[in-house]
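Plus 114 on top of the position in the sequence shown (first one is 1) and you've got the numbering used here. Just so it is clear, CB atoms sit at the ideal spot from N, CA and C, and this is done for glycine as well. Data first, discussion second: the structure below is written as structure tokens.
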Amino acid sequence: MAAGGPPPVLGVDACRGGWVGVLLALGRPSVALFAPRAAELVARAGAAAAALTVVGIDIPVGLSAGGPRQADLLAARELGARRSSVFRTPSRAALEAPTHAEANARSRAAGGEGVSAQAYALRTKVLEVDAWLRDRTAGPRVVEVHPELSYAVLTGAPARHPKRTWAGSEERRAALRAAGIELAGDLGEAGERAGPDDVLDAAVAAWSAARVATGAARSLPDPPEELEDGVLAAIWA
Numbered sequence: 115m116a117a118g119g120p121p122p123v124l125g126v127d128a129c130r131g132g133w134v135g136v137l138l139a140l141g142r143p144s145v146a147l148f149a150p151r152a153a154e155l156v157a158r159a160g161a162a163a164a165a166l167t168v169v170g171i172d173i174p175v176g177l178s179a180g181g182p183r184q185a186d187l188l189a190a191r192e193l194g195a196r197r198s199s200v201f202r203t204p205s206r207a208a209l210e211a212p213t214h215a216e217a218n219a220r221s222r223a224a225g226g227e228g229v230s231a232q233a234y235a236l237r238t239k240v241l242e243v244d245a246w247l248r249d250r251t252a253g254p255r256v257v258e259v260h261p262e263l264s265y266a267v268l269t270g271a272p273a274r275h276p277k278r279t280w281a282g283s284e285e286r287r288a289a290l291r292a293a294g295i296e297l298a299g300d301l302g303e304a305g306e307r308a309g310p311d312d313v314l315d316a317a318v319a320a321w322s323a324a325r326v327a328t329g330a331a332r333s334l335p336d337p338p339e340e341l342e343d344g345v346l347a348a349i350w351a
């Protein structure tokens, strides 16, 4: 990123087999990293760039006891035609259910909706991050981001094309390039393990993390919603 930019930040996205991250550090090219666990990825980024300040991660941070999170509702509203990219985060009890059917039953018993297959498929990673954040006592600030919301803020409008299409990939690469974020063709292990859309999502998550670091980001909701477990839940962009 350009001189005078934010201190080191990391954008993180879930991918097959683990997590991919894009590290933005002042005066250095973007670096992509892969690790099987989110905590390990953040540790690797911290080793690569001292004084890592903010981590923007595309995974729910904060789980409700029952109803929908305001962050999910507001992000979907802002994305309009791209609202389907925002899934409603299931309650903690639903995510801890051993089967999708049980998750649906627990969600409805708490007064919520059924749990989508996409949301339940991410349960392992959601619970992994939830446990990590609860156990840690130090480290960079970790905030929740949503790549499609980040791109909408970056460009002024939701993306025109689905991210897994060629047109969608080029649209997002162009937006990142305009923001000063260049991704090399050879990303090493990260490029071999993560899909192109995962890398691009991690990159724009890093862009939002940089905005958080400089105080330019906004949260949905504003102020963040305090959930039953005391976590302040919000999506930042």
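Taking C-beta atoms as the reference points, residue 262 and residue 326 fail to come closer than 9 Å. The continuous beta strand (DSSP E) containing residue 346 extends over residues 346-350.
Residue range 123-129 is occupied by the beta strand (DSSP E) that includes residue 125.
Taking C-beta atoms as the reference points, residue 256 and residue 172 fail to come closer than 9 Å.
Here the alpha carbon of residue 208 sits roughly 18 Å from the alpha carbon of residue 344. A Cβ-Cβ separation of about 19 Å leaves residue 276 out of contact with residue 270 under the 8 Å criterion. Distance from the Cα of residue 238 is smallest, within the candidate group 212, 291, 292, for 212. Residue 170 is not a Cβ neighbour of residue 272, given a cutoff of 9 Å. With respect to the 9 Å criterion, residue 139 and residue 121 are classified as neighbours on the basis of their beta carbons.
A distance below 6 Å between beta-carbons, with the five flanking residues on each side excluded, links residue 190 to the following residues of its chain, in chain order: 197, 200. According to the DSSP assignment, residue 338 belongs to the beta strand (DSSP E) that extends over 333-340.
In the structure shown, the three-state DSSP call for residue 132 is strand.
It is roughly 12 Å from the alpha-carbon of residue 306 to the alpha-carbon of residue 312.
A distance below 9 Å separates the beta carbons of residue 145 and residue 162.
A contact is defined here as three or more CB-CB pairs under 8 Å, and the region 328-344 meets this definition with respect to the region 173-183.
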